[in-house]
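First up is the structure itself, then whatever we jot down about it.
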Amino acid sequence: MALREFIKRHRIASAAAGPAVLGVAAIVAASWGLMATPETRDTRLTSSVTECHDMVTISVAGRNDSPDPNKTAMLVDANGNALPAALSSDYSSHWVDPVVNAPADKVDPGSYAAVYVAYPANMSTYEQAVDTGVANAEKVMHDIAQACPDTKFSIVGYSEGADVARRVAMGIGHDQPGADGKYDVVDPKNVLGVVILADAGRTAGDGPFPGAQDPNHPDGFDQNYQNGNKPISGQGALPDQAGDFGALNGKVASFCSEGDLTCAAPQNISLLQLAANVGRQLNVDALQNEGLTPATGQDVAVTLGRIAMNAFSYIASQPNWMASNETFLQVLLKVSEPGYKPGDNPPAPAPAQSISTDQMAPLAYLPQKVLNEIIGLIVTNQNTIPVIMSDPYQLTLGPNGTGHHFDYWRDSDAANGKPMTSAEYAAAWLTHLAQQAQAGQQIDPKSQPTQADVQAAYKTVQDTKAADAKAATTTSPAPTTTAPAPTTATPTTTSSSTAPTTTQAPATTTTTVAPAEPPARTQVAAPVETTAPPTTQSPTTQSTTTEPTTTQPTTTSAAPTTTATK
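Adding 55 to a residue's 1-based position in the sequence shown gives its number in the working numbering.
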C-alpha cells in the first residue's frame, strides 16, 4: 500500500511505473514522462521529398510531441504517398524548434529544411514507440536520399526522441555498403552532425563529443562548448543502448545535465535498472491512466512471467551455472533487456568440474552461491537507496520546468567558461553545417566558425535571457519558469519550388502557454504559463490543393511544383 501511495503522490509516468513488485519502478526512467502540447498549422498543402535541399535536419521530439497525420500536412514521397514526417513549417515543437530552425535564416531560401518524424511518442510500450521512431526516421532519410542524392543530413533528438536519434545514428555509422555500393539508409558521409539532448545510452565517463579529435567540440566546428573537460557523472538509464557511432564518431554532440537521471543515473543501482528494463516493455500509458486493472495486471504478469522463464531457460542452458560466479540478479538484468532473444550469444560454458556429473553436485555450491547473491545484491545497489531518497521525480522532472531534464535550454554559465546553453550551442553548430552544405564544402575537421557566426550565437544567448527576464514580469496566475521561450530562427518555408505554400512563422511572445498536462499528473512543463493561448497565426495562403489520399502517382499534383534541385 505504501508503494501505491508513493506512485500516486508523484504521478509518475515513467518507463518503469508498472513493475510495482520491485518497489523501485518509477526511479530511473521517470523522465520520459515529459508531456507537451505540440503546435500544428492548419494547412493541407503538402511538400515532397523531390524538393531538394542542401541539408535536411531529421528532428525527433519527445513524448506526445509528434506530428499527427490527421491534423498536419505530411511530407510525401516521389509518388505522392504520405511519409511519417512533416516540415517544421507545418509542425512546431516548443523544445526542439530553437535548435532545428536556427539555420533557416542563415542560408539561402530553400537551401535548408527541418522535418519532424512522426512516431507514437508514447509509453505503450516505450520500446515499440522507439522502434517505430527509428524505422520511420530511416524511411524518411532513405526516401529523401533517393530523390536528392546530394542532400546532406543532420539528426536531432530530445528525451524519448533522443533514444530514437541515438539508435538511428549508431545504425548508420556502423552500416556497411552492399555489393552494389549502396547503404540501407544513407551513406554515413552524408550525415554531417547528430545532436542528442538527454542521451539515455551514454556510457559512464563519456564527454559531450564522443570520438571527436578534441573533446571540447565536434570535428569541423572549432568553437568550444565549455572551458575544460567537465564530464557528467553517472551513465545513461539504458546501458543496453550504449556504444560508439562508427563512421559518425566525431560528428555527434551528446548532451547530458547533472541530475537528469535519463542520462546521468548513478552506477550500482541494479534493482532500478531491472525495473527500468521491465517498464520499457509495459503499457505504462494504460497503467498511468487506468491504474492496476485486470487488463493492465495481465500485461504486468505476462511481462514478468516471460522474463522469469527466460531466466530459468538461460540457467538451464549452463550445466555448471551453480559453480559460476554469475548471480541470479545478473541473469535477470540480462534477460530483461527488451532486445534479449533466448539462445542469442550464449555464454561460454563454465570449466568442467570433476563432480559436475553428480546430480547432487549443485548442492555443494549452494552456500557459496547464496553468499555471492547477497554480496552481489549489496555491491550492485550501493546507490539505490540514495537515489530513492533524493526524490528522483522532482530532481529530473520537477514542476514548472525545474527538473534537470529541462536544463539544456538554460545551462549557460559564462562565469565558468560556458557562454551558451546546450541547445544554443547545438543551434550554432547546425547553422555552421548548413552553411558548409550550401557552399558544397566537405566538412573540414579544422575549420573554424566565422566571427559573424559566433556573434550570432552569443546574440541568441542574450535574446533568450532578455525574453526570460521579460517573461518573468508578465502577469500570470501560475508561477513563472526558467525554461526559455524559443527565440532562435522561426520556421520558414523550405520548398524551392515555383509555387510553394507560404507559411507564416508564429510570433514569438511571452504569452506562450505551457505544454498541457494530463489531469492526473504533476505539472512538468517548463514554458512560462499564462492564461492566453499561443499567438500563432494561421497560414495566409489559401490551400488550392488537397493532400494526396491514394498511392497513385497522379496524386502528386497535391504537392507544390518540385522540379528544382540543388
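Even for Gly, the Cβ is constructed at its ideal location relative to N, Cα and C.
Identity of the residues DSSP links to residue i by a beta bridge
i: residue 250; result: 211 and 308
i: residue 451; result: Bridge partners of residue 451: none, in fact.
i: residue 110; result: 167 and 207
i: residue 290; result: 320
i: residue 137; result: 131
i: residue 142; result: 170
i: residue 115; result: 212
i: residue 103; result: 131
i: residue 160; result: Its beta-bridge partners do not exist; DSSP assigns none.
i: residue 237; result: DSSP, once it has assigned bridges, lists no residue as partnering residue 237.
i: residue 473; result: 468
For residue i, the nearest candidate out of the options (CA to CA)
i: residue 248; options: 289, 373 and 154; result: 154
i: residue 124; options: 136, 113 and 117; result: 136
i: residue 293; options: 322, 312 and 466; result: 322
i: residue 259; options: 210, 304 and 313; result: 313
i: residue 652; options: 464, 118 and 242; result: An answer regarding residue 652 cannot be provided, because it is not within the stretch 56 to 621 covered by the chain.
i: residue 32; options: 184, 277, 327 and 492; result: Only positions 56 to 621 of the chain appear in this structure, which leaves residue 32 out of reach.
i: residue 171; options: 387, 111 and 224; result: 111
i: residue 382; options: 366, 395 and 396; result: 366
i: residue 255; options: 274, 273, 265 and 297; result: 297
i: residue 304; options: 295, 327, 331 and 246; result: 246
i: residue 476; options: 464, 482 and 486; result: 464
i: residue 452; options: 107, 102 and 214; result: 214
i: residue 363; options: 280, 291 and 386; result: 386
i: residue 286; options: 379, 233 and 265; result: 265
i: residue 480; options: 272, 195 and 196; result: 272
i: residue 138; options: 102, 108 and 149; result: 102
i: residue 335; options: 374, 349, 394 and 379; result: 394
i: residue 195; options: 495, 131, 374 and 295; result: 131
i: residue 471; options: 454, 280, 347 and 348; result: 280
i: residue 490; options: 460, 347 and 276; result: 276
i: residue 226; options: 295, 299 and 261; result: 299
Beta-carbon gap between residue i and residue j smaller than 9 Å
i: residue 219; j: residue 228; result: no
i: residue 207; j: residue 488; result: yes
i: residue 344; j: residue 354; result: no
i: residue 19; j: residue 113; result: Here the chain has residues from 56 to 621 only, and residue 19 is not among them.
i: residue 129; j: residue 173; result: yes
i: residue 178; j: residue 340; result: yes
i: residue 284; j: residue 270; result: yes
i: residue 253; j: residue 317; result: yes
i: residue 239; j: residue 182; result: no
i: residue 484; j: residue 278; result: yes
i: residue 216; j: residue 152; result: no
i: residue 466; j: residue 473; result: yes
i: residue 167; j: residue 371; result: no
i: residue 126; j: residue 486; result: no
i: residue 396; j: residue 369; result: no
i: residue 458; j: residue 449; result: yes
i: residue 361; j: residue 309; result: no
i: residue 146; j: residue 164; result: no
i: residue 307; j: residue 224; result: yes
i: residue 482; j: residue 157; result: yes
i: residue 331; j: residue 290; result: no
i: residue 495; j: residue 109; result: yes
Opening and closing residue of the alpha helix (DSSP H) in which residue i lies
i: residue 181; result: 181 to 202
i: residue 489; result: 477 to 493
i: residue 388; result: 383 to 390
i: residue 337; result: Here residue 337 belongs to no alpha helix (DSSP H), and DSSP marks it neither H nor E.
i: residue 152; result: 152 to 155
Endpoints, beta strand (DSSP E) assigned at residue i
i: residue 369; result: Premise fails: residue 369 lies in the alpha helix (DSSP H), 349 to 371, not in any beta strand (DSSP E).
Whole-angstrom C-beta distance between residue j and residue i, which should lie under 8 Å
i: residue 623; j: residue 329; result: Given a span of 56 to 621 for the chain in the structure shown, any question on residue 623 remains unanswerable.
i: residue 333; j: residue 358; result: 6 Å
i: residue 175; j: residue 187; result: 6 Å
i: residue 251; j: residue 104; result: That belief does not hold up - the Cβ atoms of residue 251 and residue 104 are roughly 25 Å apart, past 8 Å.
i: residue 202; j: residue 107; result: 7 Å
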